[in-house]
Amino acid sequence: MFPNGSFLIVILKDMYLPNRYASTSEPEGTSLRNLHLLNFRYPSHPLPTSSSTPFIMTISFTLLDALLVVGGLWLAKRLLAKKSVAPLPPGPRGLPLVGNVFDMPKTKAHLTFAKWSEEYNSDIIYVKVLGQPIVILNDAKMTMEMLDKKSSLYSDRPIFRVASEMVGWKDVLVLTPYGTRFRESRRHLHRLMGTKASCENFTDLIETEARKSLRRLLANPDDFRQNIRKTAGAVILMIAYGYKTRDDEDPLISLVDVATNQFSHLTEAGGHIIDVFPALRYVPSWMPGASFHKTIANCKSTLEEMANVPHNFVKRQMAEGTAVPSFTSNNLEGKIVTPEHEDVVKWTAASLYSGGADSTVSALSTFFLAMTLYPEIQKKAQVEIDSVIGSERLPTLADRPYLPYVDAVISEVLRWAPVGPLGVAHRLQEDDVHNGYLIPKGSIVIPNAWKMLHDPKTYKNPERFDPERFMASEGRPAEEDPREYGFGFGRRVCPGLALADMSIFSNVAATLAAFDITKAVDGNGSTIEVVPDFTDGTISLRNPAILRLSGAASSRAQRTPSISSSPTESTMILDPRALYSYDHDLHRYFSVSRICKSTIQQGL
Numbered sequence: 218m219f220p221n222g223s224f225l226i227v228i229l230k231d232m233y234l235p236n237r238y239a240s241t242s243e244p245e246g247t248s249l250r251n252l253h254l255l256n257f258r259y260p261s262h263p264l265p266t267s268s269s270t271p272f273i274m275t276i277s278f279t280l281l282d283a284l285l286v287v288g289g290l291w292l293a294k295r296l297l298a299k300k301s302v303a304p305l306p307p308g309p310r311g312l313p314l315v316g317n318v319f320d321m322p323k324t325k326a327h328l329t330f331a332k333w334s335e336e337y338n339s340d341i342i343y344v345k346v347l348g349q350p351i352v353i354l355n356d357a358k359m360t361m362e363m364l365d366k367k368s369s370l371y372s373d374r375p376i377f378r379v380a381s382e383m384v385g386w387k388d389v390l391v392l393t394p395y396g397t398r399f400r401e402s403r404r405h406l407h408r409l410m411g412t413k414a415s416c417e418n419f420t421d422l423i424e425t426e427a428r429k430s431l432r433r434l435l436a437n438p439d440d441f442r443q444n445i446r447k448t449a450g451a452v453i454l455m456i457a458y459g460y461k462t463r464d465d466e467d468p469l470i471s472l473v474d475v476a477t478n479q480f481s482h483l484t485e486a487g488g489h490i491i492d493v494f495p496a497l498r499y500v501p502s503w504m505p506g507a508s509f510h511k512t513i514a515n516c517k518s519t520l521e522e523m524a525n526v527p528h529n530f531v532k533r534q535m536a537e538g539t540a541v542p543s544f545t546s547n548n549l550e551g552k553i554v555t556p557e558h559e560d561v562v563k564w565t566a567a568s569l570y571s572g573g574a575d576s577t578v579s580a581l582s583t584f585f586l587a588m589t590l591y592p593e594i595q596k597k598a599q600v601e602i603d604s605v606i607g608s609e610r611l612p613t614l615a616d617r618p619y620l621p622y623v624d625a626v627i628s629e630v631l632r633w634a635p636v637g638p639l640g641v642a643h644r645l646q647e648d649d650v651h652n653g654y655l656i657p658k659g660s661i662v663i664p665n666a667w668k669m670l671h672d673p674k675t676y677k678n679p680e681r682f683d684p685e686r687f688m689a690s691e692g693r694p695a696e697e698d699p700r701e702y703g704f705g706f707g708r709r710v711c712p713g714l715a716l717a718d719m720s721i722f723s724n725v726a727a728t729l730a731a732f733d734i735t736k737a738v739d740g741n742g743s744t745i746e747v748v749p750d751f752t753d754g755t756i757s758l759r760n761p762a763i764l765r766l767s768g769a770a771s772s773r774a775q776r777t778p779s780i781s782s783s784p785t786e787s788t789m790i791l792d793p794r795a796l797y798s799y800d801h802d803l804h805r806y807f808s809v810s811r812i813c814k815s816t817i818q819q820g821l
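Here the sequence shown is numbered in the working numbering, starting from 218 and rising by one per residue.
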């Protein structure tokens with residue numbers, strides 16, 4: 218580089234150039250004949266004409282020279298460059314080129330990130346993986362300051378090459394890039410269920426499905442996970458599409474179960490090798506080891522069916538004049554619908570029922586697990602229900618203000634094992650400086666919700682399951698509501714939080730009123746101990762746990778004839794990892810939709 222800012226550019230056109238010179242560009246006022254940069258002397262006589270003489274031997278230009286110059290330019294750039302306004306946050310030291318790729322945890326990432334916070338004495342941690350900066354937030358207050366108060370900077374999503382681009386989850390709200398389409402979908406969902414007042418329209422639906430859940434548990438308690446999935450899915454599908462689920466295994470619920478399990482694994486840290494090594498997406502599918510192309514194609518097909526099948530079901534019902542009022546029908550009727558508007562409606566509805574059900578399923582799974590581990594807490598909640606409600610009926614959502622301990626149990630369930638330990642990452646759109654640290658533009662920002670909800674500065678004895686922490690008493694205020702940190706932040710907060718909260722309360726209160734939940738016993742009559750464990754993924758579910766339900770044996774199931782009048786006791790296995798069998802045949806779901814038409818017309 219010369220004082221006037223120009224550069225000497227040397228272009229080696231060929232390694233063997235017997236009759237041609239290397240082309241150069243000469244800065245104005247500079248003689249190449251007197252220039253010795255790179256130990257390159259402009260020749261004053263023709264180059265040797267022997268075609269066997271390498272050009273590289275004709276001039277004294279070596280690889281070492283090149284490395285020295287590149288190193289010198291890099292050093293000059295570092296010395297002349299303006300110092301960063303702030304240092305990067307602390308974190309594990311990475312390796313050249315690959316950075317911290319070998320430091321990133323393969324499982325239980327929230328625990329590793331929490332450990333780093335302690336190790337580096339910092340609530341904000343920085344790592345870099347293959348050139349991608351990643352910032353981990355472990356403190357609730359700091360996270361709110363950044364993701365909520367600075368939401369205009371932090372509301373974008375990372376680009377998951379597989380989940381977003383290759384499979385298509387970018388069309389679903391959870392991964393939709395921040396922009397016009399994102400805001401339009403959010404407006405639709407906010408009008409539908411963004412407040413407690415708007416969710417009151419669904420009270421009867423929620424309570425009806427909670428009672429159906431109790432009947433299914435009495436009839437078949439071994440099929441535990443399918444029951445809670447059906448309960449959550451039935452509410453969402455009716456709201457989104459006016460679709461009434463079947464009493465047996467429902468194809469749409471099975472479909473969304475497969476799709477959301479795929480999403481959870483595709484979006485977890487290091488969920489797919491192409492997200493780490495993007496060039497692999499161009500490897501031909503026929504090459505050995507490239508079977509991931511088939512997996513990605515299957516995921517894409519599942520997602521498209523998840524959006525198209527129920528959407529087309531509603532359109533067909535509307536054409537026949539038999540559609541039940543729903544989010545989809547309300548937004549497609551009585552107006553000129555452009556393809557763009559219909560696409561937004563279709564994917565907003567898919568966002569509603571692909572994301573809304575999992576939060577409820579995860580929370581209810583944790584509730585049953587906690588009740589097996591802490592029977593004294595279960596008993597205390599049941600005593601409250603008995604004293605407030607009596608034995609003649611089941612609790613309703615209207616009873617919630619009078620059941621503070623039951624409400625506190627739910628809050629502790631959400632804190633003790635958050636639905637999304639890490640949730641879905643954010644992406645920073647511009648450089649930011651926070652707490653004295655530089656957060657570079659393009660950083661992936663991961664809020665460690667698990668650490669925030671287990672922070673002893675916020676929650677006393679955080680590993681202890683203690684609902685009373687949320688009940689204020691004289692001289693002791695209630696601890697912070699976990700819903701503030703467990704369902705997203707800023708403009709990315711879960712739009713269905715109010716609806717999910719109502720559904721969770723209705724099912725928890727009804728279950729406590731109707732059943733005793735205890736540990737199972739083996740063939741010898743010995744208690745089978747339960748070890749709490751949770752799956753990896755964006756949505757956290759419980760690993761298999763064995764428990765026992767007792768109904769009328771304790772007179773609980775006799776509260777209402779709509780449940781049962783006969784004693785029942787059974788052992789059931791909770792296995793949230795099991796996937797339902799699913800036939801990837803689009804026509805199967807259309808035929809099911811036609812079969813269900815008459816039942817949908819009948820309503821609940």
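We put the CB at the ideal spot given by N, CA and C, even for glycine.
Supposed contact pair residue j and residue i - C-beta distance, whole angstroms, cut 8 Å
i            : j              : result
glycine 459  : serine 543     : 4 Å
proline 638  : tryptophan 667 : 4 Å
leucine 392  : arginine 374   : 5 Å
proline 309  : valine 346     : So it is not a contact: roughly 11 Å between Cβ atoms.
serine 576   : valine 636     : 5 Å
leucine 631  : alanine 580    : 6 Å
proline 673  : serine 628     : Contact doesn't hold; Cβ gap of about 18 Å is too wide.
tyrosine 654 : leucine 305    : 6 Å
Residue i in three-state terms, based on DSSP
i              : result
arginine 403   : helix
leucine 655    : strand
leucine 620    : coil
glutamate 492  : Checking the sequence, you will find aspartate at residue 492 rather than glutamate. Helix.
serine 481     : helix
serine 783     : Confidence is the limiting factor: at serine 783 the pLDDT is only 37, short of 50, which leaves the residue's position unreliable and the question unanswerable from this model.
valine 650     : strand
lysine 461     : coil
valine 541     : coil
valine 636     : coil
threonine 519  : helix
valine 475     : helix
aspartate 560  : helix
tyrosine 337   : coil
methionine 361 : helix
lysine 323     : coil
threonine 555  : coil
glycine 703    : helix
asparagine 547 : helix
proline 438    : coil
proline 271    : Annotation note: pLDDT 44 at proline 271 (below 50); position unreliable, coordinate value reported separately. Residue state, collapsed to three classes: coil.
tryptophan 667 : helix
tyrosine 676   : coil
glycine 713    : coil
asparagine 628 : A small correction: the amino acid at residue 628 is serine; asparagine does not occupy that position in the sequence shown. Note: serine 628 maps to helix in three-state DSSP.
9 Å Cβ cutoff met for residue i and residue j
i                 : j                 : result
asparagine 724    : threonine 420     : no
alanine 380       : leucine 454       : no
methionine 361    : phenylalanine 706 : yes
proline 350       : proline 657       : yes
phenylalanine 722 : leucine 614       : yes
asparagine 547    : isoleucine 341    : no
proline 527       : threonine 545     : yes
leucine 611       : arginine 428      : yes
aspartate 616     : valine 605        : yes
leucine 472       : methionine 504    : no
asparagine 525    : lysine 563        : yes
alanine 357       : threonine 675     : yes
leucine 520       : valine 389        : yes
threonine 425     : alanine 715       : no
Bridge partner(s) assigned by DSSP for residue i
i            : result
glycine 316  : Leu312, Val346
serine 690   : Arg693
arginine 446 : DSSP output for arginine 446 lists no bridge partner at all.
valine 352   : Tyr343, Val662
arginine 644 : Asp373, Ile661
valine 175   : In the structure as shown, the chain starts at 218 and stops at 821, and residue 175 therefore has no counterpart that could be examined.
| Which ranges would you report for the alpha helix (DSSP H) in the region 568 to 619 if only whole runs of at least 4 residues count? | 592 to 606
| task | Scan the region 363 to 430 and note each continuous alpha helix (DSSP H) run of 4 residues or more that stays entirely inside, going in chain order. | result | 368 to 371, 397 to 410, 413 to 416
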